[in-house]
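Colleague: Quick one: this structure, given as structure tokens, is what I'll be asking you about.
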Amino acid sequence: MSEYVKADAGWVAIESDPEFGAKVQRVRFFEVDDEGVRPVVKNRDGWMVEPGHRTTDVIRASGLDAIRIAALRELIRLAGRARTQKQMDGIAEAQALIMRGPGG
24 MSEYVKADAG WVAIESDPEF GAKVQRVRFF EVDDEGVRPV VKNRDGWMVE PGHRTTDVIR
84 ASGLDAIRIA ALRELIRLAG RARTQKQMDG IAEAQALIMR GPGG
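When we follow the numbering used here, the leftmost residue of the sequence shown carries the number 24, and every step to the right adds one.
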């Protein structure tokens, strides 16, 4: 039998989709049963479900940090597909901008 525990503020699931890029979803609950602990998020239809199979991380972070992690994961994916030095330089510039943050 499952038990549902409300997630504290700041828990998010980060998903990396090759077609649509990175996505951050707020974790609403954790489902606890004999098999372990699973995060639960709200889908587009308003149903409470487990995050998609492309979920790379479930972490507790501020909103800005979660977005940074998602963006950096996307850059890692792009770096794997880069073929020219110009592309790699663009990825490095984007990474520096992400890490510097707003007003930096």
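Even glycine gets a Cβ: it sits at the ideal position worked out from N, Cα and C.
#1: Can you give the Cα-Cα distance for residue 111 and residue 105, rounded to whole angstroms?
#2: The alpha helix (DSSP H) that contains residue 123, what's its start and end?
#3: Going by DSSP in three states, residue 97 sits in which element: helix, strand or coil?
#4: By the 10 Å Cβ neighbour count, where 16 or more other Cβ atoms means buried, how is residue 62 classified, buried or exposed?
#5: Keeping to the same chain, check which residues put their C-beta closer than 6 Å to that of residue 122; ignore five residues upstream and five downstream.
#6: How big is the Cα-Cα spacing for residue 80 and residue 100?
#7: Using the C-alpha atoms, what's the distance from residue 48 back to residue 64?
#8: When you compare only the Cα positions, how much space is there between residue 35 and residue 118?
#9: Pick from 115, 52 and 98: whose alpha carbon is nearest that of residue 72?
Modeller: Reading off the structure:
#1: 6 Å
#2: 108 to 123
#3: helix
#4: buried
#5: none
#6: 15 Å
#7: 7 Å
#8: 21 Å
#9: 52
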